[in-house]
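Trainee:
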Ligand SMILES: Nc1nc2c(ncn2[C@@H]2O[C@H](COP(=O)(O)OP(=O)(O)OP(=O)(O)O)[C@@H](O)[C@H]2O)c(=O)[nH]1
Ligand SMILES: [Mg+2]
């Protein structure tokens, strides 16, 4: 199958620059459809599940567990939450069309509590991209990325790495020097991991769609025209030449 060329719904991705470099992309020539598995790992309470639900369903609910009884969620969200309670693994899918190709993101999110770490292979194996996530408002969660990276790489050495800082809305209220320190450290980590770096906010809808557009562009080696953002205090987006 040739990679998707220009995008319709994902309008910031334009034109191929080569063949699919990732043999783990499942594709089906007859249907012209592709499945891209994306794993999400990182400490507890950093906003992994929120990001996944926001991307797939477009919603953000601060108290989604408490509000279960009020029927605000689809069956898929409820199923994801139940899976999470029992195994620590959430799974959701989102399908988009790029020209005549159907792309299904299969997103696997591992609960950050230590007891779930034995499920890490399920989330990492065959992933085309792994999002290593931390909470921009809790520096310790960035330090933990080292260990998440080491363990995840043990199961999957070829997945495209992303370093994702969450809760940019809270981070943006921090004093400038704190923002600067965390931004510098995140850039250092991203360079060491050869990872794209994205700061996002699920609650304020910042960079959520862009993460998955960049995943798609990198998976297919497509040119991506989303502008990079590098300044302290801004929602960082660094993904070219990483
Ligand atoms: N301010 C702010 N809070 C957020 C954001 N995203 C998530 N949260 C909050 O962070 C808390 C944890 O979110 P979850 O999505 O459950 O975090 P998680 O990483 O899946 O946590 P575990 O499943 O325990 O590993 C919740 O109270 C969310 O409402 C965000 O963008 N900004
Ligand atoms: Mg979760």
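In my numbering, the protein residues as written are 193 to 434.
Glycine residues also receive a C-beta, built at the ideal position from the N, C-alpha and C atoms.
Would you say the beta carbon of residue 240 is closer than 7 angstroms to some non-hydrogen atom of ligand 2?
Mentor: Within the chain shown, the letter at position 48 stands for residue 240. For ligand 2, at least one heavy atom lies less than 7 angstroms from the Cβ of residue 240.
Trainee: I'd like the list of long-range same chain contacts for residue 258, defined as Cβ closer than 7 angstroms, with 5 residues on each side in sequence excluded.
Mentor: Indexing the chain shown from 1 puts residue 258 at position 66. The predicted position of residue 258 is uncertain, since its pLDDT is 39 and thus under 50; a value taken from the coordinates is nonetheless stated next. Excluding sequence neighbours, residue 258 sits near nothing in its chain.
Trainee: Mapping the DSSP letters down to three states, classify residue 337 as helix, strand or coil.
Mentor: Reading the chain shown from its first residue, position 145 is the one you call residue 337. DSSP places residue 337 in helix when its eight states are reduced to three.
Trainee: Taking 7 angstroms as the limit between beta carbons, can you name the residues of its chain near residue 252, skipping five residues before and five after?
Mentor: The count along the chain shown starts at 1 and reaches residue 252 at position 60. These residues qualify, in order along the chain: 242, 246, 394, 395.
Trainee: Sort out for me which residues DSSP pairs residue 301 with in a bridge.
Mentor: The residue labelled residue 301 in the question sits at position 109 within the chain shown. Bridge partners of residue 301: 232, 282.
Trainee: With a CB to CB cut of under 6 angstroms and the five nearest residues on each side skipped, what residues in its chain are close to residue 216?
Mentor: On the chain shown, residue 216 is found 24 positions in, with the first residue counted as 1. The predicted position of residue 216 is uncertain, since its pLDDT is 48 and thus under 50; no value can be drawn from it.
Trainee: Which residue wins for smallest C-alpha separation from residue 235, given the options 376, 312, 416?
Mentor: The residue given as residue 235 occupies position 43 in the chain shown. The candidate whose alpha carbon is nearest that of residue 235 is 312.
Trainee: Comparing alpha-carbon positions, which option in 249, 267, 433 lies nearest residue 286?
Mentor: Residue mapping note: residue 286 aligns to position 94 of the chain shown, counting from 1. The residue with the shortest Cα to Cα distance from residue 286 is 249.
Trainee: So for residue 389, helix, strand or coil by DSSP?
Mentor: Locating residue 389 in the chain shown gives position 197, counting from the first residue. In the structure shown, residue 389 sits in a strand (DSSP, three-state: E or B).
Trainee: Regarding residue 402 and ligand 1, is the C-beta to nearest heavy atom distance less than 7 angstroms?
Mentor: Walking along the chain shown from the start, residue 402 turns up at place 210. Not under cutoff, so the answer is no.
Trainee: Measuring only from the beta carbon, is residue 349 closer than 7 angstroms to any heavy atom that is part of ligand 1?
Mentor: Start at 1 with the first residue of the chain shown, and residue 349 comes out as number 157. Checking every heavy atom of ligand 1 against the Cβ of residue 349, none is found closer than 7 angstroms.
Trainee: Can you find the residues in the same chain that come closer than 7 angstroms, C-beta to C-beta, to residue 347, ignoring five residues on each side of it along the sequence?
Mentor: The residue labelled residue 347 in the question sits at position 155 within the chain shown. Contacts found: 312, 313, 316, 317.
Trainee: Mind checking whether the beta-carbon of residue 343 lies closer than 7 angstroms to any heavy atom of ligand 1?
Mentor: By 1-based counting over the chain shown, the position of residue 343 is 151. False, no ligand heavy atom lies under 7 angstroms from that Cβ.
Trainee: Considering only C-alpha positions, which residue in the set 364, 289, 323 is nearest to residue 426?
Mentor: Residue mapping note: residue 426 aligns to position 234 of the chain shown, counting from 1. Residue 364 is the option with its Cα nearest to residue 426.
Trainee: Using beta-carbon positions only, say whether residue 233 and residue 297 come within less than 8 angstroms of one another.
Mentor: If you number the chain shown from 1, residue 233 lands on position 41. If you number the chain shown from 1, residue 297 lands on position 105. Against a cut-off of 8 angstroms, the Cβ pair of residue 297 and residue 233 comes out as no contact.
Trainee: Counting pairs of beta carbons, one from the segment 410-429 and one from the segment 378-398, are three or more of them closer than 8 angstroms?
Mentor: Segments in contact, yes.
Trainee: Give me the Cα-Cα distance between residue 384 and residue 334, rounded to the nearest whole angstrom.
Mentor: Position 192 of the chain shown holds residue 384. Position 142 of the chain shown holds residue 334. Going from the Cα of residue 384 to the Cα of residue 334 covers about 13 angstroms.
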